[in-house]
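Just so you know, the protein sequences line up as chains A and B, in that order. Residue numbers for the first sequence, in the working numbering: 28 to 185. Residue numbers for the second sequence, in the working numbering: 28 to 185. To start, the structure itself, in structure tokens.
2 protein chains.
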Amino acid sequence: MSCPDHHHQHAHGPAAAGRAELPELAHRLRRQDRKLTGARQAIFEILRRQRHPLSNKEIFAELPAGDCDLATVYRSLHLLEDMRMVKRFDFGDGVARYELLAEGDDGHHHHLVCTRCAAVVEIAECFTRELEDTIARQNGFTAISHKLEFFGICPRCQ
Amino acid sequence: MSCPDHHHQHAHGPAAAGRAELPELAHRLRRQDRKLTGARQAIFEILRRQRHPLSNKEIFAELPAGDCDLATVYRSLHLLEDMRMVKRFDFGDGVARYELLAEGDDGHHHHLVCTRCAAVVEIAECFTRELEDTIARQNGFTAISHKLEFFGICPRCQ
DNA sequence: GTCCCTGCAAATGGTTTGCAGGCGG
DNA sequence: CCGCCTGCAAACCATTTGCAGGGAC
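So, in structure tokens, the structure goes:
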């Protein structure tokens with residue numbers, strides 16, 4: 028669950044890519060006079076393992092009992108978000124969810140969410156990026172971004 | 028915007044277009060053993076006048092003082108949403124906003140929201156509708172829908 | 001040793017709900 | 001009159017925050 032060092036449940040899976048990220052996390056933290064604490068490390072590990080959006084509570088639940096407070100999870104995720112190490116997603120249910128961000132990745136992608144079982148599929152490409160320019164120009168807006176999520180019923184729930 | 032039939036929303040002001048909708052509201056309510064109360068009428072009127080997404084609190088504030096309780100506003104909007112007379116939008120700030128729906132209109136459109144002053148521009152066309160089919164097919168999902176909103180800085184705030 | 005970080009608990013803000021009385025049809 | 005509706009207040013849920021002690025560096 029949250030021992031960062033010697034667990035390799037996906038020896039050649041996504042975890043392999045993430046292993047090198049720990050030092051980077053430490054480095055980025057120190058740059059801003061922040062500390063690499065156990066709680067932050069544990070949360071980071073959980074996100075690295077579960078490669079789909081997780082809510083604060085879900086992350087908290089994955090934590091070895093009593094590893095840290097729920098409030099700390101909230102605070103840590105804000106910090107990680109500011110550091111651009113996670114990206115927040117909003118599925119419209121009033122709960123923030125976070126995904127780990129690879130270095131240099133801005134994390135821009137969308138999801139397909141099952142409205143029955145909450146299964147999440149990642150949609151690789153973004154179809155609307157080019158549209159931002161058009162919309163920006165037509166309305167005189169700058170610094171344009173967008174949020175897009177798809178909803179439906181997954182094969183198993185049909 | 029979205030009045031397909033015989034409404035001329037701007038020629039004589041928005042109220043002209045909406046006037047005929049009252050009986051429809053009453054009719055739809057009665058169908059389900061619901062009543063046309065003062066509160067519901069007032070809320071309906073406010074939405075008809077302000078043709079952009081309004082939060083519960085904003086609607087409540089527009090109400091003549093003491094016209095009804097905030098809880099009633101929430102309850103009324105749920106009812107109107109179930110009746111497909113309003114559509115809920117989510118700008119990602121944890122507040123539900125509602126727009127009046129013309130009869131037969133499913134209200135599918137998107138917004139461009141200023142992240143500084145919260146000004147809202149309606150985006151007429153939906154660019155992603157055709158994509159739903161593709162995404163549905165690729166992932167075996169059915170009953171697909173999507174949420175898409177744009178954010179940026181409006182001309183006045185730049 | 002200095003600040004940052006954390007646990008705890010209380011506060012916040014949006015939204016929902018239980019209940020008893022009120023009013024529309 | 002019969003239920004649906006409403007006001008009021010308390011409950012809920014996600015999230016935030018104040019504070020004092022604890023830990024990273």
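By construction, the Cβ of each residue, glycine as well, lies at the ideal position given by its N, Cα and C atoms.
8 Å contact criterion, which residue i and residue j should meet: CB distance rounded
| i | j | result |
| --- | --- | --- |
| Glu126(B) | His173(B) | No, Glu126(B) and His173(B) are not in contact; Cβ-Cβ is about 17 Å, not under 8 Å. |
| Phe87(A) | His138(A) | The pair is not a contact, with the Cβ atoms about 21 Å apart (cut-off 8 Å). |
| Cys95(B) | Ala129(B) | That pair is no contact at about 24 Å. |
Three-state secondary structure (DSSP) of residue i
| i | result |
| --- | --- |
| Ala98(A) | helix |
| Phe87(B) | helix |
| Glu72(B) | helix |
| Glu152(A) | coil |
| Asp109(A) | helix |
| Arg78(B) | coil |
| Val160(A) | Val is not the amino acid found at residue 160(A); the sequence shown has Asp there. Looking at Asp160(A) - three-state DSSP - the assignment turns out to be helix. |
| Leu49(B) | helix |
Endpoints, beta strand (DSSP E) assigned at residue i
| i | result |
| --- | --- |
| Asp62(B) | This sequence places Lys at residue 62(B); Asp is not what is there. Here Lys62(B) belongs to no beta strand (DSSP E), and DSSP marks it neither H nor E. |
| Leu139(A) | 137-141 |
| Phe178(A) | 169-180 |
| Ala123(A) | 123-127 |
Residue from the options whose Cα sits closest to the Cα of residue i
| i | options | result |
| --- | --- | --- |
| Ser103(A) | Gln185(A), His136(A), Arg76(A), Thr64(A) | Thr64(A) |
| Gly134(A) | Ile150(A), Ile73(A), Leu97(A) | Ile150(A) |
| Lys62(B) | Val140(B), Phe118(B), Leu74(B), Met110(B) | Met110(B) |
| Arg58(B) | Ala146(B), Leu106(B), Glu157(B) | Leu106(B) |
| Leu74(A) | Gly121(A), Glu157(A), Val100(A) | Val100(A) |
| Ser82(B) | Arg156(B), Ile162(B), Leu158(B), Ala145(B) | Ala145(B) |
| Asp132(B) | Gly167(B), Glu108(B), Val147(B) | Glu108(B) |
| Arg115(A) | Glu72(A), Leu158(A), Ile162(A), Leu175(A) | Leu175(A) |
| Leu158(A) | Glu152(B), Pro182(B), Asp160(B) | Glu152(B) |
| Val148(B) | Ala163(A), Val147(A), Arg156(A) | Ala163(A) |
| Arg156(A) | Leu56(A), Lys84(A), His136(A) | His136(A) |
Check whether residue i and residue j have beta carbons under 8 Å apart
| i | j | result |
| --- | --- | --- |
| Met112(A) | Leu52(A) | yes |
| Leu90(B) | Ala123(B) | no |
| Thr169(B) | Gln77(A) | no |
| Ile180(B) | Gly179(A) | no |
| Phe154(A) | Val140(A) | no |
| Gly121(B) | Gly121(A) | yes |
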